[in-house]
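J.: Residue numbers (this note's numbering), protein chains in the order written: chain A, 49 to 391; chain B, 49 to 391; chain C, 49 to 391; chain D, 49 to 391. Ideal Cβ positions, reconstructed from N, Cα and C, are used throughout, including at glycine.
Protein chains: 4
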Amino acid sequence: MNINFASDNAAPVCPELMAALATENNGPRLGYGNDDTTRRMEDAFRTLFGCDLKAYPVATGTAANVLGLATMTPPYGSIYCHSGSHIQEDECGAPEFYSGGAKLALLDGDNGKIYPDTLSNALLSAGKGVVHHVQPAAISLTQITESGTVYTPEEVSKIGNIAKEHGLGLHMDGARFANAIASLNCHPADVTWKAGVDVLSFGGTKNGAMSVEAVIFFDMEKAVEFEFRRKRGAHLFSKQRYLSAQLEAYLENQLWLKLASQANAMARRLAEGLIKMTSFQPEFPVEGNIVFVHLTEELVSQLEQAGFLFYVMGTRDQAKVRLVTSWNTTTDDVDQFLNIVSA
Amino acid sequence: MNINFASDNAAPVCPELMAALATENNGPRLGYGNDDTTRRMEDAFRTLFGCDLKAYPVATGTAANVLGLATMTPPYGSIYCHSGSHIQEDECGAPEFYSGGAKLALLDGDNGKIYPDTLSNALLSAGKGVVHHVQPAAISLTQITESGTVYTPEEVSKIGNIAKEHGLGLHMDGARFANAIASLNCHPADVTWKAGVDVLSFGGTKNGAMSVEAVIFFDMEKAVEFEFRRKRGAHLFSKQRYLSAQLEAYLENQLWLKLASQANAMARRLAEGLIKMTSFQPEFPVEGNIVFVHLTEELVSQLEQAGFLFYVMGTRDQAKVRLVTSWNTTTDDVDQFLNIVSA
Amino acid sequence: MNINFASDNAAPVCPELMAALATENNGPRLGYGNDDTTRRMEDAFRTLFGCDLKAYPVATGTAANVLGLATMTPPYGSIYCHSGSHIQEDECGAPEFYSGGAKLALLDGDNGKIYPDTLSNALLSAGKGVVHHVQPAAISLTQITESGTVYTPEEVSKIGNIAKEHGLGLHMDGARFANAIASLNCHPADVTWKAGVDVLSFGGTKNGAMSVEAVIFFDMEKAVEFEFRRKRGAHLFSKQRYLSAQLEAYLENQLWLKLASQANAMARRLAEGLIKMTSFQPEFPVEGNIVFVHLTEELVSQLEQAGFLFYVMGTRDQAKVRLVTSWNTTTDDVDQFLNIVSA
Amino acid sequence: MNINFASDNAAPVCPELMAALATENNGPRLGYGNDDTTRRMEDAFRTLFGCDLKAYPVATGTAANVLGLATMTPPYGSIYCHSGSHIQEDECGAPEFYSGGAKLALLDGDNGKIYPDTLSNALLSAGKGVVHHVQPAAISLTQITESGTVYTPEEVSKIGNIAKEHGLGLHMDGARFANAIASLNCHPADVTWKAGVDVLSFGGTKNGAMSVEAVIFFDMEKAVEFEFRRKRGAHLFSKQRYLSAQLEAYLENQLWLKLASQANAMARRLAEGLIKMTSFQPEFPVEGNIVFVHLTEELVSQLEQAGFLFYVMGTRDQAKVRLVTSWNTTTDDVDQFLNIVSA
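1. Look up K102(D) in the DSSP assignment and say whether it is helix, strand or coil.
2. Suppose you measure from the CA of E320(C) to the CA of T378(C); what does that come to, to the nearest Å?
3. In the structure shown, what three-state DSSP assignment does F356(A) receive?
4. Find the residues of chain C that neighbour K279(A), judging by a C-beta separation of less than 7 Å, and give them in chain order.
5. How many Å lie between G208(A) and G125(A) at the Cα?
6. For C140(B), is the classification buried or exposed, using 16 other Cβ atoms within 10 angstroms of its Cβ as the cut-off for buried?
7. Within 7 Å (strictly less), CB to CB, does S327(A) reach chain B?
8. Under 7 Å between C-beta atoms, does S292(D) make it to chain C?
9. Out of S147(D), G215(D) and T253(D), which one is the CA nearest neighbour of S374(D)?
10. Among the candidates Q191(B), Y199(B), A150(B) and L386(B), whose CA atom is the shortest distance from the CA of R317(B)?
11. Where does N57(D) fall in DSSP's three states?
12. Pairing CB atoms from the segment 227-247 of chain C with CB atoms from the segment 76-88 of chain C, are three or more of them under 8 Å?
13. Determine, using beta-carbon pairs with one atom in the segment 292-312 of chain B and one in the segment 136-156 of chain B, whether at least three such pairs fall under 8 Å.
14. Going by the CB atoms, is the gap between F53(D) and F356(D) shorter than 7 Å?
15. Can you look up V247(D) in the DSSP assignment and give me helix, strand or coil?
16. When the distance is taken between beta carbons, is T121(C) closer than 7 Å to A153(C)?
17. Check the Cβ-Cβ distances between K176(D) and every residue of chain A, and say whether any is below 7 Å.
18. Please list, in chain order, the residues of the segment 178-209 of chain A that have any C-beta partner in chain C closer than 7 Å.
19. Taking C-beta pairs closer than 9 Å, name the residues in chain A that L78(C) reaches, listed in chain order.
20. Could you have a look at G393(A) and say whether DSSP puts it in helix, strand or coil?
21. At a CB distance below 7 Å, what residues from the segment 145-170 of chain D approach chain B? Give them in sequence order.
22. Quick one: what does DSSP say S259(A) is sitting in, helix, strand or coil?
23. Consult DSSP for I229(C) and reduce its assignment to one of helix, strand or coil.
24. Counting pairs of beta carbons, one from the segment 170-187 of chain D and one from the segment 165-172 of chain A, are three or more of them closer than 8 Å?
25. CB-CB under 8 Å to L69(C), same chain, minus the five flanking residues each way: which ones, in chain order?
26. Which partner residues of H219(B) appear in the DSSP bridge assignment?
27. Between Y128(B) and chain D, is there a C-beta pair that is closer than 7 Å?
28. With three or more C-beta pairs closer than 8 Å as the rule, is the segment 268-284 of chain C touching the segment 361-376 of chain B?
29. In chain B, what lies closer than 7 Å to G132(C) by C-beta?
30. Can you list, in chain order, the residues of its chain whose CB lies under 7 Å from that of S390(A), leaving out five sequence neighbours each side?
31. Hey, N337(C) and A315(C) are a contact pair by Cβ (cut 8 Å); roughly how many whole angstroms apart?
32. Please name the residue in H134(B), L284(B) and A103(B) whose C-alpha comes closest to that of N113(B).
33. Helix, strand or coil for F265(C), going by three-state DSSP, please let me know.
34. Please list the partners that H214(D) has in chain C, where partner means a Cβ-to-Cβ separation under 9 Å.
35. By how many angstroms is the C-alpha of P63(D) removed from the C-alpha of L303(D)?
36. Name the chain C residues whose beta carbon is nearer than 7 Å to that of Y124(B)?
Quick look at the structure:
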C-alpha cells in the first residue's frame with residue numbers, strides 16, 4: 049500500500065467533486081461553455097475575489113499558465129520568471145510555443161522567489177525599445193513557489209508596482225494558490241488584483257479536482273483574445289460543463305481552502321517532526337504543502353521499501369527529497385514517515 | 049424539457065463511464081500516464097485493432113487531430129483535406145498553430161468526401177520539391193464525414209495508396225469513428241492501418257465520454273515526437289488515469305459500438321421518416337448519426353418551441369437544419385420530431 | 049545570347065542604381081539604418097506619396113509582404129487574398145510563418161483580381177466573433193496582379209471601404225507597383241492611402257534594383273511592432289545604407305516610373321503584335337509588363353532554341369507561356385520574338 | 049571626419065567586392081540561385097574546406113545563424129550557447145522564431161567561451177528523454193567570440209566530441225570566422241568539420257562585403273530542409289547572383305584572410321599600445337579584431353569629440369568601451385586613438 053508524498057497531483061479526486069460530476073450528468077446542454085453551470089461558476093469567482101473578472105476553465109496547469117501568458121506577450125517579448133519556475137523547467141517549452149517564440153528571462157532568488165531589486169536591475173539592462181533585444185512584456189510569479197514558500201501581499205505588491213512602472217503584465221501561476229491563501233489567511237484579492245496581478249492561474253487539480261484550473265482575468269481587456277487562443281490551443285472543451293461543475297463545487301463552502309489547509313497542516317507536521325531531529329532540517333521555510341529535505345541514501349531506500357512515494361532530486365548518495373502533502377494526507381501518513389526517519 | 053439534436057457533444061456521459069471514473073478514484077497513482085489503467089487501456093487498443101500501436105489519451109477532438117497532424121507535417125508542409133472539414137472550418141487555426149504554420153490544401157468533393165482523382169490532380173500540380181511552394185506532407189480524412197457519410201474500406205485504401213505513392217502521412221479524424229464502424233460493420237483495422245492510415249483520432253467525447261479521445265499511432269515512428277508535442281501543447285494530464293479509465297470502459301464489451309449503433313439507428317429512423325414525407329429529403333446519404341434537411345422557417349420555429357435543440361445553417365427563411373443523434377437519443381425523441389414535421 | 053522574358057527579376061541592375069551604390073561606398077556609417085541616406089530615403093517617400101509615413105527597406109518581396117501582413121494579423125486571424133496570389137502560391141508558407149499561423153482565405157476572381165461582392169460575401173460567412181473560426185484580419189491586393197492586370201483607384205477604394213467597414217487592415221503587394229502607376233498614370237496616393245491602403249510593399253527588385261523593396265506604413269500605428277518583427281525575422285541589415293541608397297536613386301527624377309514605362313511599353317508592343325496574329329490572343333488584358341499567351345509546342349521549342357527565356361505553365365502540348373518584360377527589354381527583343389511566332 | 053571603431057559592419061565595402069558586383073551586372077540570369085556564379089561560389093567553398101558541402105548565401109548574420117540552427121532543432125528542443133552570445137543577446141528572439149519556439153540554454157564561461165565541463169554538466173541535468181523538459185538539440189559556438197577571443201581547434205574538438213556523444217548538432221556562428229582563421233593561422237577545416245562542426249555561418253558583411261554570409265552545411269543531410277526554410281523565411285533572393293558574386297570575390301586569392309589579417313593586426317596594435325599604458329589593460333585576450341577596455345568618462349568624451357566612433361557599455365562614469373577594427377582600419381587610425389588615451 050503506497051503513501052503518497054510524490055505529488056499533490058497523484059492524489060485522487062475529493063468526494064465533493066465526484067458528487068458534483070454525478071449531479072451535473074443530467075440531460076443535454078449546449079456545448080463550449082454555453083451552459084448555466086459555467087455561468088454560475090464564473091459568478092462564484094466574482095464573489096470570491098470581490099470584483100468583476102472573466103474566468104475560464106481549462107484542464108491542465110500548463111494550459112492555464114501559457115494561455116494566460118500568451119495574451120500578455122508578443123512573439124518578440126520576454127517573460128521574467130524565477131530560474132526554477134514551472135514555466136521554465138517543467139512545461140517543455142509551452143510558454144515559447146503559445147507566445148509564438150517569446151523568451152523567458154530567468155531571475156535567481158532565494159527560496160524560489162523573485163525579489164524586487166533583482167527584477168528592477170534586470171529590467172534596466174533589458175534594452176527596452178532597442179530593436180536588437182526581446183522586449184520585456186510580462187512577469188510571472190509562482191504562488192506558492194516551487195520551493196514551497198509563499199509571497200506575502202506586500203511582496204506581490206512591490207512586484208506589481210514594478211510591473212506597472214514598466215508597463216508589463218503580471219501573471220501569477222497559482223497551481224497551488226489554495227495552499228497560499230490557506231497559509232496567508234488573507235483575502236484572495238490581497239495577493240492578486242489588489243497587488244497588481246492581471247491574470248491568475250487558479251489551480252484545482254493539485255488540490256482535489258479531477259482536472260481543472262481556472263484562468264482568471266482581472267485585466268478583462270487581456271481576455272479579449274484569450275477565447276480564440278484557447279480554442280486554437282485545443283483547450284476549449286465541448287463538454288465544458290464538467291469542468292465548470294468541478295470548479296463550482298470547489299469554491300462552495302470554502303471547500304478549496306479546507307482541502308488546502310489539511311495539506312498545509314500535514315506539511316507543517318512533517319517539517320516540525322524533521323526539525324526536532326536536528327540532522328534533517330528542511331531546506332526552505334515550509335509555508336505551504338511542500339517540504340524539501342536532504343536524507344541519507346539508506347533512509348531513502350528504507351522509506352521506499354515502506355511504500356512511500358516521493359521524488360529524489362540529484363544523485364541518491366546526496367539525496368534531496370521533495371515531499372508534497374495533499375488534501376487526503378493523514379497524520380498517520382506523516383507519523384509513519386517520521387518514525388522511519390527518526391528510527 | 050429539451051430534446052437534443054444539436055450535437056452528440058451536448059449529450060451527457062453514459063453511465064458505464066461515470067461508473068469507471070468512480071472505480072478509478074481509489075488511492076494515489078503516479079501522474080502523467082505512469083499508471084496501470086493507462087497501460088491496460090493501451091493494450092485494449094492493441095487488441096481492438098489487432099496490431100502493435102501507441103495510444104495516447106487527450107481531452108479534445110481538436111487536440112487529437114492537430115497533435116497527430118503535427119507529427120506528420122513540417123512547418124513548410126501542407127495538409128490535404130476536404131474544404132468543409134473540421135480541421136479547416138472549426139478549429140480556429142489549430143492545425144496551423146501546432147504544425148508551426150503549415151497550410152491546409154482544400155479539396156472539394158460531394159458528400160463531404162475526398163475523391164482519389166481530385167487528390168491526385170492536386171498533388172500533381174503542387175510543385176513537389178520546388179522551393180517556392182509548401183510541400184505536400186499529409187492527408188486528413190474525416191470518418192464519418194462532416195456531411196454524415198462514411199468512407200468504405202475501399203475508398204480509404206485508394207487514398208492510402210496515393211499517400212504511399214507520394215510519401216505522405218495519412219491521418220483520420222475519427223471524432224465519430226465509432227459511428228463509422230457501427231455503420232460499416234467491418235473490423236476497425238479495415239478502414240485504418242490495413243487501408244494505409246498512419247494516425248487516427250479515435251473519438252470518445254461525441255459518443256458518451258466525458259472528454260476523451262485517443263490518438264492512435266499505427267506508424268509508431270511518428271509517435272516519437274508526439275509525447276513532447278503533447279506536453280508542450282499542454283495536453284498531458286497529470287491525472288491521466290481518469291482519461292484512460294474512460295477509454296478502458298469505452299472499449300469494454302464493445303460499449304463504444306453499442307452506443308454508436310443506437311445513435312446511428314435513430315438517425316436512420318429520422319431519415320426514413322423524412323423520406324416518407326416527400327417534401328423533406330435529407331441532403332446527403334444518412335450513413336451515420338447526422339441528418340441534414342431543408343425545413344421551412346415556420347417548421348423551424350415550431351420545433352424550437354417544442355424544445356428541440358438543433359443548428360440552423362444559412363438564413364432562417366432557407367433553413368438548412370443539422371440534426372445529430374446521440375447514444376441516448378430515443379425512438380420517442382425521433383417520433384416527436386417527425387410528428388411535428390409531418391403535421 | 050539569351051533574351052529575357054522569363055522574369056523581370058532576371059534582368060540586371062540599372063546603371064543609375066549601380067552608380068548610387070558606388071557613391072554610397074564612402075567612409076564609415078553607423079549601422080542598422082542610423083544613417084543619413086536612410087533618412088533622406090524615407091523623406092523621399094513622404095514627398096512621393098504626399099503624406100506622413102514610415103518607410104523600411106528590406107531585401108526581398110516576400111519579406112516586404114509577410115512582415116507587413118504580420119503587423120495586421122493575429123495568429124488566429126485570416127488574410128483574404130486572391131487564390132492565385134504570390135503570398136498564397138509562391139512564398140512557401142511565409143505569411144503563415146510570420147503571422148504565427150494565420151490562415152489565407154482564398155478568393156477567386158477573373159483577371160487575377162478580387163471583386164468587392166466576392167469579398168463581402170466571404171466576410172459575411174466568416175463567423176466573425178465566433179471562437180471556432182479564424183477571424184478576418186486583413187486583405188491583401190496585388191498591384192499589378194499576377195495576371196498582369198491593374199486595379200483602378202475606384203476598384204481599390206471599394207475594397208478599402210469594405211476593409212474599413214469590417215475593421216480589417218488593407219495590404220497591397222506592390223512588387224510591380226511601378227508598373228501599375230506607369231499604367232494608370234495617376235498619383236501614387238490615389239491607389240494607396242487615399243483608397244484605404246494601410247501598408248504597401250513598394251517593389252524595386254523587379255524594376256532595376258539589385259535587391260530592395262520598401263515597406264510603406266501609411267497606418268503608422270501598425271509600424272510600431274514592425275521594427276521588432278523585421279529584426280527578429282533577420283531582415284534588418286547592418287549595412288542598410290546600401291538598401292536605402294538604391295531606393296533613393298530609384299525615386300530620384302522619377303527613375304522608377306521611367307523604368308516601368310519602358311517595361312510596360314514593351315509588353316504592349318508584344319501584346320499588339322500577338323493580337324494582330326489572330327491565333328494567339330493574350331489570355332488577360334495586358335495592362336502592365338506581363339503577357340500570357342497559349343502557344344503551340346512547336347513554337348515553344350523554336351523560341352527556346354532562339355535563346356528566349358520564359359516560363360511555360362501546364363504541359364508543353366498545351367503550353368501557356370508567361371512573358372515578362374523588364375526595364376531593359378528593347379523593341380528589338382520584342383520584334384525578334386514576334387517574328388518567330390508569326391513566321 | 050569619423051574614425052570607426054564602432055563596428056566592423058560600419059565599414060564600407062572593399063573595392064574588390066564592388067568590382068565583382070559591377071562585373072556580375074551583365075545580362076540576364078535565371079533567378080533564385082540557378083546561375084553559374086552561384087555554382088562557382090559553391091565550388092570555391094568546397095575547395096576552401098577540402099570536402100563536399102552545401103553553401104547557401106544569405107544577406108544577414110542573423111539569418112545565417114537562425115536558419116542553420118532551425119535545421120538542427122525541433123520546436124521542443126534547446127540550443128546550448130554562451131550567455132553573452134549574439135543569438136541570445138542581439139537577435140530579438142530570431143532563434144526562437146525560426147525554430148518554432150525552441151529554448152536557448154545559457155552557459156557562462158570566461159572570455160566569452162563555452163567550456164567542455166560546463167557543457168557536460170548542463171547536459172547531464174537536462175532531463176533527456178523526459179517529456180516535461182525541452183530536449184537538448186544543438187550547441188552553438190561563436191568564433192571569434194563576443195569577447196574577441198578565439199577557440200583553438202582542440203577546444204572546438206572537445207565540444208564536438210560532446211555533441212557527438214549526446215547526438216547534438218554543432219553550429220558555429222562565424223560572423224567573424226575570417227578573423228579567427230587569420231588569428232589561428234590554421235586550415236579552415238581544422239576548426240570546422242574536422243572538429244565536429246555540422247553547420248557554419250561563414251561571415252562576409254563584417255569583413256568588407258556589402259551584405260552576404262554563407263551558410264555552410266558540412267552535414268549535408270541537415271541541408272535538406274534548409275532550402276524550404278530559407279524561402280519561407282523570405283531569405284531566398286531572386287537576384288542571388290549578386291550575393292554569390294560577393295562571396296566568389298571574397299574567397300578569391302584569399303582576400304577574406306587578407307582583409308581579416310589587417311583588422312586583426314590593427315586590434316593587436318591597439319591592444320599593445322594600451323597594455324604599455326599600465327592603467328588601461330584590455331579586459332580579454334585580444335585574439336581577433338575586438339578590444340574591450342575601461343576608460344575614464346573624460347577620455348570617452350575626448351575621443352568622441354575627436355571623431356572616434358565606438359560603443360560604450362554600462363554607465364559612462366564606469367565606461368567599458370568596445371573597439372572593433374575593420375578591414376580598412378589604418379595604423380594612423382590606431383595611433384591617433386592611442387595618442388589621445390596616453391596624453
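T.: Walking through what the data contain:
1. Taking the first residue of the fourth sequence as position 1, residue 102(D) is located at position 54. Three-state result, K102(D): strand.
2. As a first step, residue 320(C) must be located in the third sequence, where it is residue number 272. As a first step, residue 378(C) must be located in the third sequence, where it is residue number 330. Rounded to whole angstroms, E320(C) to T378(C) spans 15 Å at the Cα level.
3. Within the first sequence, the letter at position 308 stands for residue 356(A). If DSSP states are grouped into helix, strand and coil, F356(A) belongs with the strands.
4. Taking the first sequence and counting its residues from 1, one reaches residue 279(A) at position 231. Here the neighbours are V179 and H180.
5. Translated into the one-based positions of the first sequence, residue 208(A) becomes position 160. Translated into the one-based positions of the first sequence, residue 125(A) becomes position 77. Approximately 18 Å, taken between the alpha carbons.
6. Within the second sequence, residue 140(B) is the residue found at index 92, counting from 1. When all chains shown are included, C140(B) counts as buried.
7. Here the question's residue 327(A) lines up with position 279 in the first sequence. Chain B contact via Cβ: absent.
8. Counting from 1 along the fourth sequence, the entry for residue 292(D) is found at position 244. With 7 Å as the cut-off, S292(D) does not count as an interface residue toward chain C.
9. As a first step, residue 374(D) is located in the fourth sequence; it is residue number 326 there, counting from the start. The candidate whose alpha carbon is nearest that of S374(D) is T253(D).
10. As a working note, residue 317(B) is residue 269 in the second sequence. Closest option to R317(B), Cα to Cα, is L386(B).
11. Residue mapping note: residue 57(D) aligns to position 9 of the fourth sequence, counting from 1. N57(D) falls in the helix class under three-state DSSP.
12. no
13. no
14. Your numbering for residue 356(D) matches position 308 in the fourth sequence. Your numbering for residue 53(D) matches position 5 in the fourth sequence. Yes, the Cβ-Cβ distance between F356(D) and F53(D) is below 7 Å.
15. Position 199 of the fourth sequence, counted from the first residue, corresponds to residue 247(D). It is a strand residue.
16. The residue labelled residue 153(C) in the question sits at position 105 within the third sequence. The residue labelled residue 121(C) in the question sits at position 73 within the third sequence. The answer is no: Cβ separation not under 7 Å.
17. Here residue 176(D) refers to the residue found at position 128 of the fourth sequence. Not closer than 7 Å to any Cβ of chain A, the Cβ of K176(D) fails to qualify, so no.
18. V179, H180 and Q183
19. Walking along the third sequence from the start, residue 78(C) turns up at place 30. By Cβ distance, chain A contributes nothing, its closest Cβ being about 13 Å from L78(C), past 9 Å.
20. With chain A represented from 49 up to 391, any question about residue 393(A) goes unanswered, as that position is not in the structure.
21. G148
22. Counting from one through the first sequence, the residue named residue 259(A) turns up at place 211. Looking at S259(A) - three-state DSSP - the assignment turns out to be coil, as it is neither helix nor strand.
23. Numbered from its first residue, the third sequence carries residue 229(C) at position 181. Reduced to three states, the DSSP call for I229(C) is helix.
24. no
25. Here residue 69(C) corresponds to residue number 21 of the third sequence, with the count starting at 1. Closer than 8 Å at Cβ, skipping near neighbours: M258, Y290, A293 and Q294.
26. Residue mapping note: residue 219(B) aligns to position 171 of the second sequence, counting from 1. Paired residue(s): S188(B) and V247(B).
27. Mapped onto the second sequence, residue 128(B) falls at position 80. Output row for Y128(B): interface = no.
28. no
29. Residue numbering aside, residue 132(C) sits at position 84 when the third sequence is read from its first letter. Those within 7 Å of G132(C) in chain B number zero; the least Cβ separation is about 12 Å.
30. In the first sequence, residue 390(A) corresponds to position 342, counting from 1. So the qualifying residues of the chain are M325.
31. By 1-based counting over the third sequence, the position of residue 337(C) is 289. By 1-based counting over the third sequence, the position of residue 315(C) is 267. Rounded, the Cβ-Cβ distance is 5 Å, consistent with contact.
32. For the purposes of this step, residue 113(B) is taken as residue 65 along the second sequence, with counting starting at 1. Among H134(B), L284(B) and A103(B), the Cα nearest to that of N113(B) is on H134(B).
33. Stepping through the third sequence from its first residue, residue 265(C) is reached at position 217. It is a strand residue.
34. Counting from 1 along the fourth sequence, the entry for residue 214(D) is found at position 166. Neighbours of H214(D) on chain C: none; closest Cβ ~28 Å, over 9 Å.
35. In the fourth sequence, residue 303(D) corresponds to position 255, counting from 1. In the fourth sequence, residue 63(D) corresponds to position 15, counting from 1. L303(D) and P63(D): Cα-Cα distance of roughly 11 Å.
36. Indexing the second sequence from 1 puts residue 124(B) at position 76. Under the 7 Å cutoff, chain C gives C140 and G141.
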